[in-house]
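Input: a single structure, listed below in structure tokens.
In the UniProt record's numbering, the protein residues as written are 1 to 330.
Right under this line is the structure:
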């Protein structure tokens, strides 16, 4: 059984990765229903939190049905990070996660996210200060290193553990790779197999089939898998992995009814949480995967991703139901 602090997260837990404009409360709710063991918020700027920026503070919304839930923050300024911890604590999360892995230029250019991989001492000192500043378990999400020539993840993981980090999630790419090429899980396995390590080590990157999740567990020996892109528009991925672990067999794909029900609920929850405009806009990225594989579907998908009015999107769902209700997904 893996434990984050005193939180029992199960045997080889599946974690929903923190993804900007994706891992919001509506989507987290859907993933939780489908078997996600731990969910994380979108990453939140520490500078945005202390300035009380609306977009940042809104991301602090968490709900009882999500637990255990982690709030993820990023930044490179010690004072701002400590102040943000105090703000985050008031939302009552189970875990505080630090993002030391986001490769996006606007984050990295400020020395935050994966930018901090250039300064391991700062990464460690920030983590230590945050651990001392809260009673909540502090975890870290990071990458293998800045580039291929500066991979020090074995040392980094040890040092983070030594200052009180309670779990580490490692994406199997460097910052230089961004999301290109294949994720390399071997260095993550080296971290896990280091006899000095005793905190959970979770793998991230390219877990896109149940077989890959099993490989991460059985071949690489990791403590759990953090699922990102494979879940976008497909919250059923979590239940499919768990079914495969239990039976060695693939679940049939979700039916058209299940997909339409989920898409409708997703859109309505998004509108209820963030309003009509943002709710419609930020749910668009999910529709391709909700209805992936249906032939001659472009006309309907275009309606879903170009309509600014939720009434039109719901009408598009109704049209799909009429036209494709008998479609069998392979």
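All C-beta atoms, glycine included, are put in the ideal place defined by N, C-alpha and C.
The structure displayed is predicted, hence computed values, not measured ones.
In the DSSP assignment, residue 72 is bridged to 97. CA-CA distance, residue 147 to residue 98, rounds to 20 Å. The region 126-138 makes contact with the region 81-98; the number of CB pairs closer than 8 Å reaches 3 or more. In the three-state reduction of the DSSP assignment, residue 224 falls in the strand class, which pools E and B. Cα atoms of residue 167 and residue 5: separation of roughly 8 Å, rounded to the nearest angstrom. The beta carbon of residue 250 is closer than 8 Å to those of 210, 240, 243, 244 in its chain, skipping five residues each way along the sequence. For the alpha helix (DSSP H) assignment, the uninterrupted runs of no fewer than 4 residues enclosed by the region 245-295 are, from N- to C-terminal side, 256-274, 276-283, 287-290. Taking 8 Å as the cut-off, the Cβ atoms of residue 141 and residue 169 count as close. Counting the other Cβ atoms within 10 Å of the Cβ of residue 68 gives 16 or more, which makes it buried. Using a 10 angstroms sphere on the CB of residue 247, the tally of other CB atoms stays under 16, which defines it as exposed. Cβ-Cβ separation between residue 66 and residue 32: approximately 6 Å, consistent with a contact (criterion under 8 Å).
With contacts defined by Cβ atoms closer than 8 Å, residue 94 and residue 199 do not form a contacting pair. For the pair residue 217 and residue 228, the Cα-to-Cα distance works out to about 17 Å. Per DSSP, the continuous alpha helix (DSSP H) segment holding residue 78 begins and ends at 78-89. In the three-state reduction of the DSSP assignment, residue 15 falls in the strand class. Here residue 156 carries a helix assignment [DSSP, helix/strand/coil].
With contact defined as three or more Cβ pairs closer than 8 Å, the region 272-287 and the region 295-313 are in contact. Note that the C-beta distance between residue 290 and residue 330 is not below 8 Å. In terms of Cα proximity to residue 188, the closest of 163, 287, 107, 226 is 226. In the structure shown, residue 202 falls within a strand segment according to DSSP collapsed to helix, strand and coil.
With respect to the 8 Å criterion, residue 203 and residue 185 are classified as neighbours on the basis of their beta carbons. DSSP lists no bridge partner for residue 129. For residue 30, the closest C-alpha among the options 269, 300, 292 is that of 269. Residues of the same chain with a CB within less than 7 Å of the CB of residue 102, apart from the 5 flanking positions on each side, are 43, 74, 113, 114 in chain order. Bounds of the beta strand (DSSP E) holding residue 143 are 138-143. Remark: C-beta atoms of residue 34 and residue 235 approach each other more closely than 8 Å. The beta carbon of residue 159 sits closer than 6 Å to those of 124, all from its chain and outside the five residues before and after it, given in chain order. Bounds of the alpha helix (DSSP H) holding residue 48 are 46-50. Residue 22 and residue 45 have their C-alpha atoms roughly 16 Å apart.
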